[in-house]
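Below is one structure, written out as structure tokens, with a few remarks after it.
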Amino acid sequence: MLSAAGTTMIYPQSLDDAYKAKTTANVASNSACVAACQASNGCAGVVYSTSAKSCALFQPKPSNFANLVAGWVFNPVTNVDTGSVQYSRMAMSTLPNAYIKQSVPGVASSDACALAATKAGYTLFGYNSATKVCSYFAPTASTTKALSLVNTPLVPVALAGAFGSDVVSGSNVATSASDCYKLCIPSQNNCFGSVFDSSAKICAFYQAGFDAASTLGWIIPKTLPSSMAKVDHVDLYVTAHEDDHELFMSSAVYESIKNPTTKTVFVYTSGGDAGQTDGWYQAREAGTLASSKTWINMFGIYSPVPTSSTVLLSGHHIQKITIGNTVHYFLRLSEANLDKVINSNKKAAPFDQPKEYYANAAAVKAVLKAIIVAEASKVAKVTASYSDYLIEPEGDHVLHTSTGRITAELLNSDAAFKTCVSQTPFFGYQHWLDAVNEKDPALTAQRVMWLQLGVGILAKYPQRTDYWSEHSVALGRVYMGTPIVRSGACSF
1 MLSAAGTTMI YPQSLDDAYK AKTTANVASN SACVAACQAS NGCAGVVYST
51 SAKSCALFQP KPSNFANLVA GWVFNPVTNV DTGSVQYSRM AMSTLPNAYI
101 KQSVPGVASS DACALAATKA GYTLFGYNSA TKVCSYFAPT ASTTKALSLV
151 NTPLVPVALA GAFGSDVVSG SNVATSASDC YKLCIPSQNN CFGSVFDSSA
201 KICAFYQAGF DAASTLGWII PKTLPSSMAK VDHVDLYVTA HEDDHELFMS
251 SAVYESIKNP TTKTVFVYTS GGDAGQTDGW YQAREAGTLA SSKTWINMFG
301 IYSPVPTSST VLLSGHHIQK ITIGNTVHYF LRLSEANLDK VINSNKKAAP
351 FDQPKEYYAN AAAVKAVLKA IIVAEASKVA KVTASYSDYL IEPEGDHVLH
401 TSTGRITAEL LNSDAAFKTC VSQTPFFGYQ HWLDAVNEKD PALTAQRVMW
451 LQLGVGILAK YPQRTDYWSE HSVALGRVYM GTPIVRSGAC SF
């Protein structure tokens, strides 16, 4: 990829064909391919094949809006959860041999290498896919230097000791190890960690060496809690689709997740499948989970590692996924079946449980009630947010408004909820291109979250490359309907 100054950086990935400008055959080298990009107006990067001698140039598509600017961010550090071990990794990266403490041949994968490193008591490891060798690294001991490996924005993986000048790249001014760590931004300076000398008050970055066959990794210890020790508030968000709360309710969701003693519960009544059976609804689920992980990481209070389970509620097996202080329930009715059940009271079954029919709208309400009781039992303060269904319903998606309607009907009629659960309806498409009314930091945080939602979808559904950009023009709008405030304390 090319920077604004025309310099290049090699990334361990390809580029999407949607942004391919042209392909040239018989190009002698990668350098010649890069030179062709530098000479082409608007070229952002290249993919060069050494075997085929082909050079593909990539650039953003022209925008229909004069105020839009294209850009790209590559995060070289990715998180992996194998179920047995959690680790971060940098592809095409390694450390000097001087820091190898032990090498193990015949290891099948980087996941297996991470597990072996954990069992051997090492944090840092390297895996070479060509030789199948797993190496364990360790820094040099130091009494004044603290090593911080990239993890969440606020919580590093801490190691004692330091690496030498063969790994250090760049320096910054900082007064503490935590301040130094915040200056290591992998997408900006390709660092994998920082080192702070408490005696000399010197902060420096660490950059790995390049090796196409190698992966550098480090084990993530369980330093953050994965569950809530105290819950004094439950905020419920009931939506038809997996991205509705990100688009239309984000400022409220931001405040919910930010509070460490608030449990944020999301219920999705449909799979958001758009009539497709090719993995689209699974991709949308991955997207909303990625968005929650983004804010969990941003606030640095809970572990971003998800816990998945299937729970039986009111006769239905429901997929439940917990990430920190967020809980996600996926009812997985197709959009067509949800419409049939809640608007026509005709029975239909979800994607994942074809024998468990919802007989009518009341059956969906029963599951929703069971979720609220399960997640908010003995919590005095409970709130619920949903799509406004009373004002200009024709201007919104029919499943938005009908999901909002059945939620409000339950909360206003059930004896357990009607005096204590406050309600906030939010508008959807009616105002999604009105004036931007969100304020920072929630405004910027929504854009960060929406980008990662798109990345999560793309990882599961690579044929859909435009999802982030399709709705990004609507970000920054959160318009509320008329709130319903209940003064009673919940005691169900």
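Each residue of the sequence shown is one higher than the one before, counting from 1 in the UniProt record's numbering. For glycine and all other residues, C-beta sits at the position ideal for the given N, C-alpha and C.
Closest Cα partner of residue i within the set the options
i: Ala36; options: Lys378, Leu57 and Lys320; result: Leu57
i: Thr407; options: Glu375, His397 and Asp388; result: Asp388
i: Leu224; options: Asn128, Ser309 and Pro153; result: Pro153
i: Thr173; options: Thr326, Gly161 and Ala200; result: Sequence check: residue 173 is Val here, not Thr. Nearest option by C-alpha distance: Ala200.
i: Ala361; options: Ala348, Tyr99 and Val373; result: Ala348
i: Pro483; options: Thr424, Thr261, Ala274 and Lys20; result: Thr424
i: Trp72; options: Leu451, Pro462, Gly456 and Ser491; result: Leu451
i: Gly488; options: Ala435, Pro393, Thr465 and Thr383; result: Thr383
i: Asp232; options: Ser226, Val34, Ala252 and Ser256; result: Ser256
i: Lys119; options: Pro221, Ser51, Pro304 and Asn343; result: Pro221
i: Val455; options: Val104, Thr307, Tyr99 and Phe74; result: Phe74
i: Leu65; options: Arg486, Ala208 and Ser469; result: In the sequence under discussion, the amino acid at residue 65 is Phe, which differs from the Leu named in the question. The shortest C-alpha separation from Phe65 is found at Ser469.
i: Thr261; options: Gln59, Phe205 and Lys381; result: Lys381
i: Glu242; options: Ala21, Tyr429, Ala283 and Leu368; result: Ala283
i: Ala141; options: Leu95, Tyr206, Leu159 and Thr131; result: Leu159
i: Pro139; options: Lys258, Gln86, Val195 and Asp179; result: Val195
i: Pro7; options: Cys43, Leu15, Cys191 and Tyr19; result: Looking at the sequence itself, residue 7 is Thr, so the reference to Pro does not match. Thr7 has its Cα closest to that of Cys43, out of Cys43, Leu15, Cys191 and Tyr19.
i: Ser63; options: Tyr19, Ser93, Lys101 and Cys33; result: Tyr19
i: Asn437; options: Ile10, Lys258, Gly193 and Phe248; result: Phe248
i: Ala91; options: Ser344, Thr78, Lys101 and Thr82; result: Thr78
i: Gly395; options: Leu410, Ser413, Trp432 and Ile371; result: Trp432
i: Ala48; options: Gln38, Asn41 and Ser31; result: It should be pointed out that residue 48 corresponds to Tyr in this sequence rather than to Ala. Nearest C-alpha to Tyr48: Ser31.
i: Ala28; options: Val80, Ala204, Ser51 and Pro306; result: Ser51
i: Pro186; options: Lys418, Val168 and Phe205; result: Phe205
i: Tyr268; options: Leu15, Ser291 and Leu331; result: Leu331
i: Ser103; options: Leu458, Ser226 and Thr131; result: Thr131
i: residue 495; options: Asn97, Val364, Glu409 and Thr465; result: Nothing can be reported for residue 495, as the shown portion of the chain is limited to 1 through 492.
i: Ala112; options: Gly83, Asp414 and Ser93; result: Gly83
i: Gln188; options: Ala108, Pro76 and Ser422; result: Pro76
i: Cys420; options: Val265, Val485, Ala39 and Gln463; result: Val485
i: Val85; options: Ile219, Gly106, Thr465 and Pro105; result: Ile219
i: Lys258; options: Lys320, Asp179, Lys369 and Asn325; result: Asn325
i: Lys293; options: Glu409, Ser176 and Ser226; result: Ser226
i: Phe192; options: Thr175, Ser178, Ser169 and Ser176; result: Ser169
i: residue 496; options: Leu289, Asp179 and Lys369; result: An answer regarding residue 496 cannot be provided, because it is not within the stretch 1 to 492 covered by the chain.
Cβ-Cβ distance between residue i and residue j below 8 Å
i: Phe427; j: Ser385; result: no
i: Val150; j: Ser88; result: yes
i: Ala115; j: Gly45; result: Residue identity check: residue 115 is Leu in the sequence provided, not Ala. Contact flag unset, no.
i: Ser171; j: Ile202; result: yes
i: Glu246; j: Leu453; result: yes
i: Ser198; j: Ala146; result: yes
i: Ser135; j: Gly121; result: no
i: Cys490; j: Ala376; result: yes
i: Leu124; j: Ala208; result: no
i: His397; j: Glu356; result: no
i: Lys263; j: Val327; result: yes
i: Leu333; j: Ser270; result: yes
i: Asp440; j: Tyr479; result: no
i: Gly481; j: Leu411; result: no
i: Thr307; j: Thr322; result: yes
i: Gln430; j: Glu392; result: yes
i: Tyr461; j: Trp295; result: no
i: Ser54; j: Ala21; result: no
i: Ser129; j: Tyr181; result: no
i: Tyr99; j: Phe163; result: yes
i: Ile457; j: Gly287; result: yes
i: Val107; j: Val133; result: yes
DSSP bridge partner residues for residue i (one or two, in chain order)
i: Gln463; result: DSSP lists no partner for Gln463.
i: Cys203; result: Asn172 and Phe196
i: Asp434; result: BP columns for Asp434 are empty, so no partner.
i: Met449; result: Answer is none; Met449 lacks a bridge partner.
i: Phe58; result: Lys20 and Gly45
i: residue 495; result: Given that the chain is displayed from residue 1 to residue 492, the structure contains no residue 495 and the question cannot be resolved.
i: Met480; result: Phe426
i: Gln102; result: Tyr136
i: Thr8; result: Leu2
Near the ligand NAP: residue i beta-carbon under 7 Å from a heavy atom
i: Asp414; result: For the structure depicted, the ligand NAP is absent and the ligand set is empty, with no information on it obtainable.
**OP:** Inspect the CB distances between the segment 329-340 and the segment 393-403 and report whether three or more fall short of 8 Å.
**Re:** Verdict: yes, contact present.
**OP:** Check whether the segment 237-246 touches the segment 208-215, taking contact to mean three or more Cβ pairs, one atom from each stretch, closer than 8 Å.
**Re:** no
Original post:
Counting pairs of Cβ atoms below 8 Å between the segment 446-457 and the segment 474-483, do you hit three or more?
Top reply: yes
Subject >> Continuous beta strand (DSSP E) assignments of at least 3 residues falling wholly in the segment 243-315 >> reply: 262-270 and 307-313
Original post:
Where are the alpha helix (DSSP H) runs, 4 residues long or more, that stay fully inside the segment 311-397, in chain order?
Top reply: 335-344 and 361-376
**OP:** Mind listing, in chain order, the continuous alpha helix (DSSP H) runs of no fewer than 4 residues lying wholly within the segment 67-94?
**Re:** none
Subject >> Three CB pairs or more closer than 8 Å across the segment 296-305 and the segment 264-283 >> reply: Result no; under three Cβ-Cβ pairs closer than 8 Å.
Subject >> Segments assigned beta strand (DSSP E), at least 3 residues, entirely inside the segment 122-185 >> reply: 124-128, 133-137, 145-149, 157-160 and 168-172
Original post:
Could you give the uninterrupted runs of the beta strand (DSSP E) lying entirely in the segment 204-233, keeping only those of 3 residues or more?
Top reply: 209-219
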